[in-house]
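For reference, the structure is listed below as structure tokens.
Numbering (mature numbering (1 follows the signal peptide of the UniProt record, and there is no 0)), first residue to last: -18 to -1, 1 to 501.
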């Protein structure tokens, strides 16, 4: 009955029709095309006791489903005409010699996933997708995407556009022992806002005893509400909230200043092309003249306002989860449910993080990529708009990053839902960035001047510098909308304020070359 309840919820969300079948018949989920194409249907075998056949009305054809789900799934190609049972599960001579999986095995998988889905059922059913089994989940995520996504990823899908999420003001400063004044933090955010960035981490609503450097986050949010930086396009300012109390504090500031986020839009606007250094300005941006989404050469003032977003964390290892959030992985996910629910009620987008995805300071570099994929799936199902997969320790290598990307894809995660967050502890951040680009990721986190580290991950030095990753992307013909010269100047300034070495090598070289030309 538990499986039946979850299945019924899936049908309710899908808006599809249920057809009762005899209890003795094999139960199938049938996926067909919505157009007039007569492509054969693909059938998903489910336990007999569900007793229903449903038309999911997807745009996915049989060949796509089969290629995604593989030979080990519960997919069969058609119903056997001879005995009216599903292929490979019938008793006729044609199929009994090649039977890859029994219904009993399918039933066990369904029961295991049903137990996990029961915990998620406490969340508003409109913000996540109940889980049938891992293979059905792959299809269901495709079908249900419009129901729980709050924005279109069309901008990310442009092959030559990459979105940079600047984390310097939060992740970059949180581990600094030298106290950074509120004035300097606000000045950093305002300078970053003038570079063309559209997403900036501004602070963290964590207790000051945990991360003293973030004690002024409430003042930062208040200042950005009262005196928003001048910008030519909307900017999303993001705040980490480790628990529901952190988000409640953020909402309280909203209410005190009678501030609200604009209603969640269908998409993010496409930013202007990346400004180039003066010596390369004549070359112009690399875009296709036949592209209907081609970006204009001159940014125009935006009529939409800035927005406030939040981030929440999960860890890929139990050891790191206990030390970072003082709870298990399962408990951290459970804590996220009311956070996402409250955020939705206030039109606040939610970004998920999966920490230590490529190496843990307590368990070493061999983090299970399947665990990372599972957590990514869960965060997306719970309602996160995007999940940033983080190499918190900088242990990631090209082969293991490539394996992680493939594992995410195999789990049904779309690359447009993923961001990558690399640290350059071992000098591999840019290499891994290229691996992510090749896999189809178009969102990357970085920190101005290479500032940053994790207070609960000893030895994890700076994030990949914004200057270096932007220079790399521009050299590959990608658009970021960010002015490399301006962000290099910000990196030079803030590292001087903090008293740290400027790790933005491309930024230092760019400024040096420009200054040599003016002498």
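Think of the CB as a built atom: it goes at the ideal place given N, C-alpha and C, for glycine as much as any other residue.
In this text the structure is predicted, and so the values were computed from the model without any measurement.
Short Cβ contact (9 Å threshold) for residue i with residue j
| i | j | result |
| --- | --- | --- |
| residue 425 | residue 464 | no |
| residue 417 | residue 389 | no |
| residue 329 | residue 206 | no |
| residue 292 | residue 229 | yes |
| residue 315 | residue 380 | no |
| residue 430 | residue 178 | no |
| residue 319 | residue 332 | no |
| residue 372 | residue 342 | no |
| residue 419 | residue 366 | no |
| residue 489 | residue 447 | yes |
| residue 181 | residue 218 | yes |
Beta-carbon separation (whole angstroms), residue i vs residue j, contact threshold 8 Å
| i | j | result |
| --- | --- | --- |
| residue 462 | residue 476 | About 19 Å separates the two Cβ atoms, so there is no contact after all. |
| residue 370 | residue 427 | 6 Å |
| residue 377 | residue 335 | No, residue 377 and residue 335 are not in contact; Cβ-Cβ is about 17 Å, not under 8 Å. |
| residue 386 | residue 351 | 5 Å |
| residue 243 | residue 289 | 5 Å |
Alpha-carbon to alpha-carbon, residue j and residue i
| i | j | result |
| --- | --- | --- |
| residue 224 | residue 498 | 46 Å |
| residue 311 | residue 305 | 11 Å |
| residue 313 | residue 459 | 43 Å |
| residue 236 | residue 204 | 8 Å |
| residue 302 | residue 324 | 26 Å |
| residue 502 | residue 402 | Only positions -18 to 501 of the chain appear in the structure, and residue 502 is not among them; the question remains open. |
| residue 184 | residue 353 | 29 Å |
| residue 172 | residue 473 | 13 Å |
| residue 483 | residue 457 | 25 Å |
| residue 327 | residue 375 | 35 Å |
| residue 469 | residue 412 | 18 Å |
| residue 190 | residue 221 | 15 Å |
| residue 394 | residue 415 | 21 Å |
| residue 495 | residue 455 | 19 Å |
| residue 80 | residue 216 | Bear in mind that a pLDDT of 40 at residue 80, under 50, signals an unreliable position, so the model cannot answer this. |
| residue 238 | residue 422 | 42 Å |
| residue 201 | residue 391 | 41 Å |
| residue 485 | residue 433 | 8 Å |
| residue 506 | residue 152 | In the structure as shown, the chain begins at -18 and stops at 501. Residue 506 is therefore absent and cannot be evaluated. |
| residue 147 | residue 214 | 17 Å |
| residue 361 | residue 493 | 41 Å |
| residue 491 | residue 481 | 20 Å |
| residue 168 | residue 187 | 16 Å |
| residue 234 | residue 410 | 41 Å |
| residue 176 | residue 211 | 8 Å |
| residue 309 | residue 317 | 10 Å |
| residue 208 | residue 287 | 13 Å |
| residue 404 | residue 144 | 15 Å |
| residue 232 | residue 162 | 21 Å |
| residue 339 | residue 359 | 14 Å |
| residue 160 | residue 467 | 27 Å |
| residue 192 | residue 445 | 20 Å |
| residue 296 | residue 487 | 31 Å |
| residue 174 | residue 471 | 10 Å |
| residue 142 | residue 170 | 28 Å |
| residue 337 | residue 398 | 19 Å |
| residue 166 | residue 406 | 25 Å |
| residue 355 | residue 300 | 15 Å |
Mind listing, in chain order, the continuous beta strand (DSSP E) runs of no fewer than 3 residues lying wholly within the stretch 318 to 372? Scanning the stretch 318 to 372 from its first residue to its last, the whole beta strand (DSSP E) runs of 3-plus residues come out as 332 to 337.
Would you say the stretch 180 to 197 touches the stretch 151 to 167, given that touching needs at least three Cβ pairs under 8 Å? Taking 8 Å as the limit for Cβ pairs, the verdict is that the stretch 151 to 167 does touch the stretch 180 to 197.
Does the structure place the stretch 215 to 234 close enough to the stretch 341 to 360 that three or more beta carbon pairs sit under 8 Å? Output reads no: the stretch 215 to 234 does not touch the stretch 341 to 360.
Can you give, in chain order, each stretch of the beta strand (DSSP E) that sits fully within the stretch 422 to 499 and has at least 3 residues? For the stretch 422 to 499, whole beta strand (DSSP E) runs of length 3 or above, ordered along the chain, are 425 to 428.
Runs of beta strand (DSSP E) lying entirely within the stretch 396 to 424, each at least 3 residues, in chain order: Runs of the beta strand (DSSP E) lying entirely within the stretch 396 to 424, each at least 3 residues long, are 400 to 404 in chain order.
Extract the residue ranges of the alpha helix (DSSP H) inside the stretch 182 to 213, only unbroken runs of 4 or more that lie entirely within it. Listed in chain order, the complete alpha helix (DSSP H) runs (minimum 4 residues) inside the stretch 182 to 213 are 199 to 208.
Residue ranges of each alpha helix (DSSP H) within the stretch 212 to 246, 4 or longer: Counting whole runs of 4 or more residues, the stretch 212 to 246 contains the alpha helix (DSSP H) stretches 226 to 238.
Quick one: complete beta strand (DSSP E) runs, 3+ long, within the stretch 138 to 170? Correct list: 145 to 148.
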